[in-house]
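Trainee:
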Ligand SMILES: Cc1cc2nc3c(=O)[nH]c(=O)nc-3n(C[C@H](O)[C@H](O)[C@H](O)COP(=O)(O)OP(=O)(O)OC[C@H]3O[C@@H](n4cnc5c(N)ncnc54)[C@H](O)[C@@H]3O)c2cc1C
Ligand SMILES: Cc1cc2nc3c(=O)[nH]c(=O)nc-3n(C[C@H](O)[C@H](O)[C@H](O)COP(=O)(O)OP(=O)(O)OC[C@H]3O[C@@H](n4cnc5c(N)ncnc54)[C@H](O)[C@@H]3O)c2cc1C
Ligand SMILES: Cc1cc2nc3c(=O)[nH]c(=O)nc-3n(C[C@H](O)[C@H](O)[C@H](O)COP(=O)(O)O)c2cc1C
Ligand SMILES: Cc1cc2nc3c(=O)[nH]c(=O)nc-3n(C[C@H](O)[C@H](O)[C@H](O)COP(=O)(O)O)c2cc1C
Ligand code: FES
Ligand code: FES
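The following block contains the structure:
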């Protein structure tokens, strides 16, 4: 059976990645998961310089999901290259997607250029959809003109293929997908988190120091499936689908809706072997259904 | 202790309503709940003529929520007045909000005019946010200009105060709230359902005949709280908050975020006494916190 | 009168592969009639919607109600793990039951449509012929029907027991006639039974199934198409939960 | 080595009002040291995140681990209903434990910070003085500390037992000194203990608390402010779950 999928010329041994920010650079979860068995590791968002992130509490639980307001804490691209990319060198079968964040176009470009000659970087995921930072992030991702522009700019500086990561906090995701495509994106990934809020009724104050946070987990899955479906039927570039995937059924659902590959995020937090468990379940499903090539289920539900 | 709240001059004995479409006109739940103890009954969306709604399946379960694609099946405003409004006459302590739907401005106006002289109608909730009908509904609710226009038009024909019901499927809910306010809305209510999708992986087809459905239930609550908060800090007109309220904590959270009243929808399906249970819990909370007037918690978390 | 309450599990056993018999202590049985159903709610907080399950047996004396269900997904899986003394939320009785008619009745059940016919067969005033369809020889409730029906005819898809084929094949084979037919099972079976009834000019009641949310007629989720304009929405849609689940076969589009 | 597995409940009892002692059979105990914690996962599918709970007692011989927790919300409420034989998902051991140091140590626990000091007191090589703070006379683990500490000093907020006041009031009252202090409890208490230690020039370890998601250092949810740039993100943030929960009192901003 073939489980290989190809996105922008990069071949993945299988369509399972973990979602940026939920897995570090893989180091912490390597005690539970053989990173070499994943399609790709998608690293935590990295900026040109270290970012301290938001004050705590940064985490809140909601029903069938969670809110986070990490605020893209990261050590900056230098340390990232020296430590995280170096660590990832040993996992030869697995591709590496580096998630890139910035407050401004210049900052994105600085990171992209620094990564240009790093052989371990197979693809760049450009995060224009983080709801937890004041400038940059989601501001880029909610206006189609800005999406197209930043895509074009990043693309012109990038050596590796670029995946634009879209925000679900928009009226029409198809418009954003088309803007990314028009700007020259090699692929899109969605969804990033939905902006939510939790108030502690006893303390009469916000649970998160940042007031709002990004919602993820199974609660957002139906919205993610809908958006992946809408995009798959609007653009020709491939889609990496994510949002609440925690079982193999969720992953298959996302592929049937039109995703070529899928990322697993929040599920890692309650099941550290979620990625490999999901992959095993998908393979069982394909065998049971006598499907020889995983690519043949992509987007077949119309 | 005062539990009375006032919206657009209409006084409600308490801030608990049930959400349109989840309670019929109250008849079916009157075996479980004394309708006379609610702040208001909000009726299922009614159009100028009977609507058959969508094909089945219309219901799908998702984690901590559900999808529905009823498609606004309703008997038309004539039957509604003769049967449902008549039934509601006996509950004198409870206000009646009639939820109005239409495919076009003309259809909304026809309903609003038919209801103008019905004494049992205390307020109109104008549904410009239903994701389950092809024309009308959400199309009005996703464009600020359209929101303002339809609000102005309905307001000019309405005898009762109007509440504009907003869609959460937008980039910036504040813009929609301001548009409704500019159009002359007496209040806004939010959120309607978030558009979602579920695919049956065994049958490789959509679970809902309509493909997409509106997501409701606890899963959407953090998004609803965030949006109510954003609107409360953007407009001066009062807000009826809803979306996933199933416990008294959820209701208090919504009021702390800025809602003057709250609606309970999906929770009725798994707890037919959800409305009165929630009211009892809220009163306990206020007593425990020695709060004499429920109005004093509205929007105090900033 | 409808009740929502926490019922206590008195007994549970697996009757056939994946088919469970659950005995609940619940006041619902005081008001229940055959053909009605109850909503059972998963305890797991992520599964909100009711699982509608037909009433299989009512024991008013002891306040007990029996349901028989197939493990179809996560909710029924959870139910199958309930043990003596466990507690589970239930609501009912819901819908309208079968009118009890006729000197001679045929009760027809297919698959998981078998159980609701049992209490009906017990309560019918006249002679009862039971026609039950199963996939294979993994039968259930056979003794029960043997006790209450004057005749029990079995059909299996694989021919391992009784007639090789459907319940309608079995009815034809046995040239069955009666004053009234009651049927519960998958839609194609209901359609075939309704056609048989029409041919033989027998009155026929069918029990329908649809995805539900409220279970009480409020949400309009569970409609089936009716041949005439319905009283509620005036649009040829009947609510399975409130106007049904039992309908005259001529009332609904099968 | 960290493990995620399904543990079996061996015993549960309520030690004081709302304070439960849960004994689990889990392989985690093979690798655990005092001061580490485990993640316990609710069985309810709508509650996804782990509940971090400190290890109170390790019994490697029988493969048992004891945790003591307070019912604080829905997750711990669910745990409090676990009975012998029930199964629950756990992950651990997580974080770094207390370094075992000194000829004479003071172990300080406040409220639900009391339990983690027990296994520490058992394993410390030198003399141990235990100083435990409670709200009122609803004490717990007193016998246990009496057995393992050379002295047990109690402080209560309402003065019903021991010193009327905080653990630090009790430490001052008894003019306590030692080579090292270990403390777990609410942040204001940790701050006061750290100040006492500084005054007396005693090395001091504190165990910190923060909202967590992954528990393994991946999500950056649980950071506390560190006095120096941290090794991981280079931004004065240490991860409680991975770099802690035990820190030198001088390493972190209290
Ligand atoms: C009036 C009525 C009576 C029924 N009586 C019985 C009975 O006596 N025994 C029995 O085994 N089954 C019966 N069913 C079917 C039973 O309701 C479903 O098998 C059950 O709800 C599946 O739940 P699940 O969580 O295991 O499956 P899932 O697929 O996980 O359920 C997901 C959602 O879909 C709904 N759903 C799934 N299948 C059906 C279905 N076939 N009909 C309606 N809703 C469904 C569930 O209620 C739930 O809301 C009846 C259905 C209806 C409408
Ligand atoms: C390292 C560490 C060790 C701990 N050891 C113990 C212990 O030994 N005994 C004990 O009783 N408690 C301990 N706690 C606190 C315990 O984790 C919380 O009381 C518990 O998670 C509350 O869960 P809940 O579902 O009952 O509350 P809820 O408020 O419903 O929980 C909602 C969410 O918030 C998180 N949360 C709530 N309170 C806290 C808190 N104080 N700290 C961290 N997360 C929290 C929960 O984990 C959950 O994700 C420890 C916390 C940490 C960080
Ligand atoms: C704690 C946390 C941190 C995240 N950090 C990032 C990030 O740095 N960059 C990014 O593009 N997305 C980030 N995300 C979003 C996820 O990559 C993913 O898009 C989202 O969580 C939805 O998937 P899930 O429901 O499977 O978690 C983060 C999510 C979580 C929960
Ligand atoms: C079955 C169903 C039918 C609904 N019908 C309507 C409707 O007719 N008009 C309307 O404005 N909203 C309708 N809604 C939306 C609800 O009124 C409410 O805005 C939404 O469900 C969020 O609240 P909840 O999470 O408490 O259900 C419907 C929702 C459901 C679940
Ligand atoms: S399930 Fe709501 S009307 Fe039938
Ligand atoms: S909880 Fe994720 S880093 Fe600590």
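Residue numbers (the working numbering), protein chains in the order written: chain R, 77 to 378; chain H, 77 to 378; chain W, 82 to 335; chain Z, 82 to 335.
C-beta: ideal position from N, C-alpha, C; glycine also.
1. Check whether chain Z comes within 8 Å of residue 128 of chain W, counting only Cβ atoms and requiring the distance to be less than that.
2. Please specify which runs of the beta strand (DSSP E), each continuous and at least 3 residues long, are wholly inside the stretch 232-274 of chain H, giving them in chain order.
3. Secondary structure at residue 228 of chain Z, three-state DSSP: helix, strand or coil?
4. CB of residue 241 of chain R to nearest heavy atom of ligand 3: below 7 Å?
5. So what does residue 155 of chain H bridge to, in DSSP terms?
6. Can the beta-carbon of residue 176 of chain Z be found closer than 8 Å to that of residue 322 of chain Z?
7. Any heavy atom of ligand 6 closer than 7 Å to the CB of residue 173 of chain H?
8. Is there a Cβ from chain H that is less than 8 Å from the Cβ of residue 297 of chain R?
9. By the 10 Å Cβ neighbour count, where 16 or more other Cβ atoms means buried, how is residue 340 of chain R classified, buried or exposed?
10. So, with DSSP's three-state summary, where would you put residue 190 of chain R?
11. Under 8 Å, CB to CB, which of the residues in the stretch 314-335 of chain Z have a partner in chain R?
12. If we require 4 or more residues per run, which alpha helix (DSSP H) segments fall completely within the stretch 237-306 of chain W?
13. With residue 121 of chain Z as the anchor, note down where its beta strand (DSSP E) starts and where it stops.
14. When the Cα atoms are used, what is the spatial distance from residue 252 of chain H to residue 274 of chain W?
15. Rounded C-beta distance between residue 182 of chain Z and residue 260 of chain Z? I'm assuming under 8 Å.
16. How many Å lie between residue 257 of chain W and residue 223 of chain W at the Cα?
17. Can you list the beta strand (DSSP E) stretches of 3 or more residues lying completely in the stretch 112-149 of chain H, in chain order?
18. Step through the CB atoms of chain R and report whether any lies within less than 8 Å of the CB of residue 164 of chain Z.
19. Taking residue 102 of chain Z as part of the beta strand (DSSP E), name the residues at either end of that continuous run.
20. Can you look up residue 143 of chain Z in the DSSP assignment and give me helix, strand or coil?
21. Got a sec? Which residues, its chain only, sit under 6 Å from residue 149 of chain Z by beta carbon, not counting five neighbours each side?
22. Note down, in chain order, every chain W residue with its Cβ under 7 Å from the Cβ of residue 125 of chain Z.
23. Taking all protein chains shown into account, decide if residue 143 of chain W is buried (16 or more other Cβ within 10 angstroms of its Cβ) or exposed.
24. Using the beta-carbon count (16 or more within 10 Å), is residue 134 of chain R buried or exposed?
25. Taking C-beta to C-beta, are residue 319 of chain H and residue 375 of chain H nearer than 8 Å?
26. Please confirm if residue 149 of chain R has its CB atom under 8 Å from at least one CB of chain Z.
27. Between residue 132 of chain H and the rest of its own chain, which residues show a CB-CB distance below 8 Å, the 5 nearest in sequence each way excluded?
28. Cβ of residue 291 of chain Z versus every heavy atom of ligand 7: is any distance shorter than 7 Å?
29. What do you get for residue 162 of chain H, buried or exposed, if any count of 16 or more other CB atoms within 10 angstroms of its CB means buried?
30. Under 9 Å between beta-carbons, which chain R residues line up against residue 298 of chain Z? List them in chain order, please.
31. Any residue with its C-beta under 7 Å from a non-hydrogen atom of ligand 5 counts. Can you list them all in chain order?
32. Tell me whether residue 382 of chain R, by its Cβ, gets closer than 7 Å to a heavy atom of ligand 1.
33. Taking the alpha helix (DSSP H) that residue 158 of chain Z belongs to, which residues open and close that run?
34. So what's residue 347 of chain H in DSSP terms, helix, strand or just coil?
35. Going along the chain, which residues of the stretch 245-258 of chain R sit with their C-beta nearer than 7 Å to a C-beta in chain H?
36. Can you name the residues that DSSP bridges to residue 369 of chain H?
Mentor: In terms of the structure at hand:
1. True, the Cβ-Cβ gap to chain Z drops below 8 Å.
2. Runs of the beta strand (DSSP E) lying entirely within the stretch 232-274 of chain H and spanning at least 3 residues, in chain order: 238-241, 263-266, 270-273.
3. Of the three classes helix, strand and coil, the one that applies to residue 228 of chain Z here is helix, per DSSP.
4. Residue 241 of chain R: yes, Cβ under 7 Å from ligand 3.
5. Under DSSP, residue 155 of chain H forms no beta bridge with any residue.
6. Contact: yes.
7. The nearest non-hydrogen atom of ligand 6 is 7 Å or more from the C-beta of residue 173 of chain H.
8. It does; some Cβ of chain H falls within 8 Å.
9. By the beta-carbon neighbour count (other beta carbons within 10 angstroms, threshold 16), residue 340 of chain R is buried.
10. Residue 190 of chain R falls in the helix class under three-state DSSP.
11. Residues of the stretch 314-335 of chain Z that bring their beta carbon within less than 8 Å of a beta carbon in chain R comprise 314, 315, 316, 317, 318, 323, in sequence order.
12. DSSP runs (the alpha helix (DSSP H)) wholly in the stretch 237-306 of chain W: 248-254, 268-281.
13. Taken as a continuous stretch (DSSP letters only), the beta strand (DSSP E) holding residue 121 of chain Z covers 118-122.
14. Taking the straight line joining both Cα atoms gives about 54 Å.
15. 7 Å between Cβ atoms; contact.
16. Cα to Cα, residue 257 of chain W sits roughly 19 Å from residue 223 of chain W.
17. The DSSP assignment places 116-118, 135-138, 141-144 as complete runs of the beta strand (DSSP E) inside the stretch 112-149 of chain H, in order along the chain (cut-off: 3 residues).
18. No, because no Cβ of chain R sits closer than 8 Å to the Cβ of residue 164 of chain Z.
19. 100-106 is the span of the beta strand (DSSP E), which, as asked, contains residue 102 of chain Z.
20. Of the three classes helix, strand and coil, the one that applies to residue 143 of chain Z here is coil, per DSSP.
21. Excluding sequence neighbours, residue 149 of chain Z sits near 102, 137, 196.
22. The answer, in chain order, is 125, 126.
23. Result: exposed.
24. Counting C-beta atoms within 10 angstroms of its own C-beta, residue 134 of chain R has 16 or more neighbours from the protein chains shown and is therefore classed as buried.
25. Contact check for residue 319 of chain H against residue 375 of chain H fails: the beta carbons are separated by 8 Å or more.
26. Judged by the 8 Å Cβ criterion, residue 149 of chain R is in contact with chain Z.
27. Within the same chain, 285 come within 8 Å of residue 132 of chain H by CB-CB distance, once the 5 residues on both sides are set aside.
28. Looking for ligand 7 in the displayed structure turns up nothing; the ligands present are ligand 1, ligand 2, ligand 3, ligand 4, ligand 5 and ligand 6.
29. Exposed is the label assigned to residue 162 of chain H, since fewer than 16 other Cβ atoms lie within 10 Å of its Cβ.
30. Those within 9 Å of residue 298 of chain Z in chain R are 100, 103, 104.
31. Going along the chain, the residues that qualify are W:293, W:294, W:295, W:296, W:297, W:298, W:299, W:300, W:301, W:302, W:303, W:320, W:321, W:322, W:323.
32. Nothing can be reported for residue 382 of chain R, as the shown portion of chain R is limited to 77 through 378.
33. Segment 155-161, the alpha helix (DSSP H) holding residue 158 of chain Z.
34. Looking at residue 347 of chain H - three-state DSSP - the assignment turns out to be coil, as it is neither helix nor strand.
35. Correct list: 245, 246, 247.
36. Partner residues in the beta bridge of residue 369 of chain H, as assigned by DSSP, are H:78.
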